[in-house]
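For reference, the structure is listed below as structure tokens.
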Amino acid sequence: MNQPLPDITHALAWLKRAAGRLGRDATFMEVCGTHTMSSFRSGLPSVMPANVALRSGPGCPVCVTAQGEIDALIELADVAGVTLCTYGDMLRVPGRTGSLEAARGRGADVRVIYSALDAVKRAAREPSRQVVLAAVGFETTAPATAAAIDMAERLELANFTVLASHKRVVPAMEALLAGGMVALDGFLCPGHVSVIIGAEAYRPLVERYAMPCVIAGFEPEQMALGLAQLTQLAAEGRAELINQYAEAVSDTGNGAAQRLLDRVFKPGPARWRGLGWMEGSAMVLRGRYASFDALKRFGVQVVDAPEPGGCRCGEVITGRARPDECPLFDNPCTPMRPIGPCMVSSEGTCAAWFKYHRTPAARRDETLATNEHK
Amino acid sequence: MCLAVPAKLVECETGEALVDLGGNRLRISTVLVPEAKPGDWVLLHAGFAIERLDVDEAQRRREEIAQLGAGEEAS
């Protein structure tokens, strides 16, 4: 009879209480696609206090990848003799000459992989093919690419290269604050990026920008707890760093992963969708590993390219626009026929909004329209 | 993309391990968690164990949440 209440009940009670004490509106930002999806899927926004808002930031690697890099990736897939290995999320992002999926339709050899090592194993198995790994992702995924390059080096593979588009989350968070792009009351920091980089990586944001930072896991109760703590910090006017995911995240992060990253990559500049060029925001191959650079091997250039006309993905991923404020949202941009990357990636903010958060009126209109066409 | 799930290590070799993932057996890389041993819980991301999970810490957090939530309701 006397069963303990689920964690989420306690966390929401605390959040509600802190929001009452806050007595004003507060906006927090998560910077992780998995947080985006977990929040929408669980319905967390609908049970949050009215004065607390959670926005999505630049946390979806596919979404922050600049158009020119996507075009270069598709160009690589079209090179004769190339087998392009990619994580599934990248497959349908539209480029200048269609998506990777479209490239596959016209004969390109595009393979979806689960692990970066699958690409290396494929290269070892098929020496007559040039295997290119589309290495997209934040610090969580980058160590896998470094491990793949390390393995390819040890196997002395001459037919394995990567298009390295790995990005670092903290510089993007800092750019949002430094540019005054959005008014925020705190960050819900990404749990799995933090596993690699460590909790202390956010310290400069806390100290330089007086920005409360709470590292949270991905279960709805973990997110609710993180929001409760952020709200309490905002109410008390305290900028602190709290690690609420300590079962996985240490202060200094995963040393083995960091050493591997440091051996293969160095910080470099990159263009981000919505944020532009940022120094030190990317991981670029060190000189010793230049022979693994797919762009160099195949002479492909990353050319700045305009984003699709009308698409507001750049504003969506920086928290400056809601998906439903984009003129393309829902018509013509849908998960079936995506125009911008935020609608393509399963963890893009627009895709999440489309799936879980459209208004009942929009869904009703769609049902009516579908029935009329029958 | 940063999705990671808990999995339990069943057998370990150098740099590789067999994990139990909800009843499925999967071969994964453990190069990022060289000190991992059978019986450990790890976070699995794209075929790589990215960290060992501290199960006691997870339990402590749950207890903390319960206390804080209950305290809030009572006060």
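Top line first, the protein sequences correspond to chains A and B. Mapping the first sequence onto this note's numbering, position 116 (from 1) lands on 96, and the numbers just tick up by one. Take any residue in the second sequence, note its place counting from 1, add 2, and you have its number in this note's numbering. Glycine included, C-beta positions come from ideal geometry on N, C-alpha and C. Everything numeric in this text was worked out from a predicted model, so none of it was measured.
Nearest residue (CA-CA) to Gly254(A), options Arg268(A), Arg300(A) and Gly171(A): Ranking the options by Cα distance to Gly254(A), first place goes to Arg300(A).
C-beta neighbour in chain A for Val35(B), strict 8 Å: yes
Cβ of Glu227(A) within 8 Å of any chain B Cβ: For Glu227(A), the answer is yes, since a Cβ of chain B falls inside 8 Å of its Cβ.
Extent of the continuous alpha helix (DSSP H) run through Gln238(A): Gly235 to Val244
Residues from the stretch 29 to 47 of chain A in contact with chain B, defined by Cβ distance under 9 Å: Gly39, Cys40, Pro41 and Val42
Cβ-based burial, Pro359(A) [other Cβ within 10 Å; buried from 16]: Nothing about residue 359(A) can be reported from this structure: the residues present for chain A run from -19 to 354 only.
Thr63(A): first and last residue of the uninterrupted beta strand (DSSP E) it sits in: The continuous beta strand (DSSP E) containing Thr63(A) extends over residues Val62 to Thr66.
Residues that Arg64(B) contacts on chain A, provided the C-beta gap is smaller than 7 Å: Annotation: Cβ neighbours of Arg64(B) in chain A (cutoff 7 Å, chain order): Asp(-13).
The stretch 85 to 110 of chain A: positions lying closer than 8 Å to chain B by Cβ: The stretch 85 to 110 of chain A vs chain B, Cβ under 8 Å: Tyr94, Ser95, Ala96, Leu97 and Asp98.
Spatially closest choice to Ala52(A) from Gln281(A), Val194(A), Met70(A) and Lys246(A), by CA coordinates: When the alpha-carbon of Ala52(A) is set against those of Gln281(A), Val194(A), Met70(A) and Lys246(A), the nearest one is in Gln281(A).
Segments assigned alpha helix (DSSP H), at least 4 residues, entirely inside the stretch 114 to 170 of chain A: 122 to 134 and 149 to 158
Interface positions of the stretch 5 to 16 of chain B facing chain A (Cβ-Cβ less than 8 Å), listed along the chain: Residues passing the 8 Å Cβ filter: Leu5 and Ala6.
Closer than 8 Å to chain B by CB, Met(-19)(A): The pLDDT assigned to Met(-19)(A) is 43, lower than 50, so where the model puts this residue is not dependable; a value taken from the coordinates is nonetheless given after this. No, because no Cβ of chain B sits closer than 8 Å to the Cβ of Met(-19)(A).
Candidates Lys(-4)(A), Ala237(A), Val32(A) and Gly39(A), of which the one nearest Val35(B) by Cα: By alpha-carbon distance to Val35(B), the top candidate from Lys(-4)(A), Ala237(A), Val32(A) and Gly39(A) is Ala237(A).
For Cys313(A), the residue or residues it bridges with in DSSP: Phe309(A)
Contact with chain A by Ala60(B), beta-carbon distance below 8 Å: yes
Rounded distance between the beta-carbons of Val12(B) and Val21(B), thought under 8 Å: 6 Å
C-alpha gap between Gly160(A) and Thr63(A), whole angstroms: 43 Å
Under 8 Å between C-beta atoms of Ala38(B) and Ala48(B): Ala38(B) is not a Cβ neighbour of Ala48(B), given a cutoff of 8 Å.
Under 8 Å between C-beta atoms of Leu71(A) and Ala104(A): no
Contact list for Leu23(B) against chain A, beta-carbon separation under 9 Å: Residues of chain A passing the Cβ test: none, with the nearest at roughly 12 Å.
Ala179(A) vs Leu205(A) beta-carbon contact at 8 Å: Remark: C-beta atoms of Ala179(A) and Leu205(A) do not approach each other more closely than 8 Å.
In chain order, each alpha helix (DSSP H) run of at least 4 residues that lies wholly inside the stretch 22 to 90 of chain A: 24 to 27, 41 to 44, 47 to 57 and 80 to 85
Per-residue DSSP class, three states only, for Val324(A): helix
Collapsed DSSP secondary structure at Ala329(A) in the structure displayed: Per the sequence shown, the amino acid found at residue 329(A) is Thr instead of Ala. Thr329(A) sits in a helix when the DSSP states are folded into three classes.
Reference Leu46(B), options Lys246(A), Val142(A), Ala128(A) and Ser95(A), closest by Cα: Residue Ser95(A) is the option with its Cα nearest to Leu46(B).
Neighbourhood of Glu119(A) by C-beta distance below 6 Å, restricted to the same chain and skipping five residues each side: Val173, Ile176 and Ile177
Spatial neighbours of Gly260(A) in its chain, beta-carbon cut-off 8 Å, leaving aside the 5 residues before and after: Arg148, Pro151, Pro247, Gly248 and Pro249
Endpoints, the beta strand (DSSP E) within which Met203(A) is located: Not the beta strand (DSSP E): Met203(A) falls in the alpha helix (DSSP H), residues Pro200 to Glu216.
Min CB distance Tyr336(A) to chain B below 8 Å: no
Short CB-CB distance (under 8 Å) between Phe20(A) and chain B: no
Under 8 Å from the C-beta of His172(A): neighbouring residues of chain B: Cys4, Leu5, Ala6, Leu45, His47 and Ile52
Coarse secondary structure for His355(A), derived from DSSP in three states: No statement about residue 355(A) is possible, as the shown extent of chain A runs from -19 to 354 and does not include it.
Residues sharing a beta bridge with Glu187(A), DSSP: DSSP, once it has assigned bridges, lists no residue as partnering Glu187(A).
Inter-residue spacing [alpha-carbon to alpha-carbon] between Gly166(A) and Gln69(B): Their Cα atoms are separated by approximately 24 Å.
Rounded Cβ spacing between Glu59(B) and Glu227(A) (contact assumed at less than 8 Å): Yes, Glu59(B) and Glu227(A) are in contact; Cβ-Cβ is about 4 Å, under 8 Å.
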